[in-house]
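Numbering (my numbering), first residue to last: 9 to 252.
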């Protein structure tokens, strides 16, 4: 073998490695549903009725970026005040239909976009038109939003009554609080505006445990934060609550 050949092969290997693209992967840190609500621009109840792949520009290598476009229908519920829909209350004795948008713009969401596979953090939705979802994600304006595998997307029927109730203002009441995931017992809060999320440690890495299903972290009048459990709205004198 010529003496220069090993050097040439080594140079070619370095060149090819330098041009290689990293493997696609998606990893999400578990968060409490309230955190997902607070992090989102838009939170709606909806169902997907169709899906198609669309182009969304090019990546740094000049390759087309593909996304899935879901056409969605927001769920409408009947009420006389808008309560329980995420809509502002109104005084009326006449039943009306309200879109269930718990957070977001004063505009219906018509399309949801996501990456084409879970390997690149895409979120797959059933398009049969029968499965209703709670969907939280980022607004893209003009009736569009974007979701990833790390956003809160749950079937509506899987939510607890407390979670559904908390979507109306209760989660919002704690968006200035910090929810910290406890990885192992014992764990402690580092500040008064912090709530410890212990499902992960107490229920064998379960991110859908008792606190996720039945508690919200609420900011109190003195600026501290504490877990609140129950269907009824927190009372003004909510000061001596016991942490779970």
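Beta carbons: idealized from backbone N, C-alpha and C, even for Gly.
Measuring alpha carbon to alpha carbon, tell me which residue in 61, 68, 56 is nearest residue 79. 56
Are the beta-carbon atoms belonging to residue 142 and residue 48 less than 8 Å from one another? no
From 75, 224, 85, pick the residue whose C-alpha is nearest to that of residue 126; which is it? 75
Given a threshold of 16 other Cβ atoms within 10 Å of its Cβ, counted over all protein chains shown, does residue 42 qualify as buried or as exposed? buried
Name the two residues that bound the continuous alpha helix (DSSP H) containing residue 110. Not the alpha helix (DSSP H): residue 110 falls in the beta strand (DSSP E), residues 109-111.
Check each candidate in 193, 132, 118 and name the one with the smallest Cα separation from residue 153. 118
Does residue 185 come out as helix, strand or coil in the three-state DSSP assignment? coil
Would you call residue 121 buried or exposed, if buried means 16 or more other Cβ atoms sit within 10 Å of its Cβ? buried
Which residues bound the alpha helix (DSSP H) around residue 218? 218-222
DSSP state of residue 177 mapped onto helix, strand, coil: coil
Which first and last residues belong to the beta strand (DSSP E) in which residue 47 is found? Taken as a continuous stretch (DSSP letters only), residue 47 belongs to no beta strand (DSSP E), being part of the alpha helix (DSSP H) at 41-47.
Check for me: the alpha helix (DSSP H) holding residue 59 runs from which residue to which? No alpha helix (DSSP H) holds residue 59; the beta strand (DSSP E) holding it covers 50-66.
Roughly how many angstroms lie between the CA atoms of residue 234 and residue 206, to the nearest whole one? 13 Å
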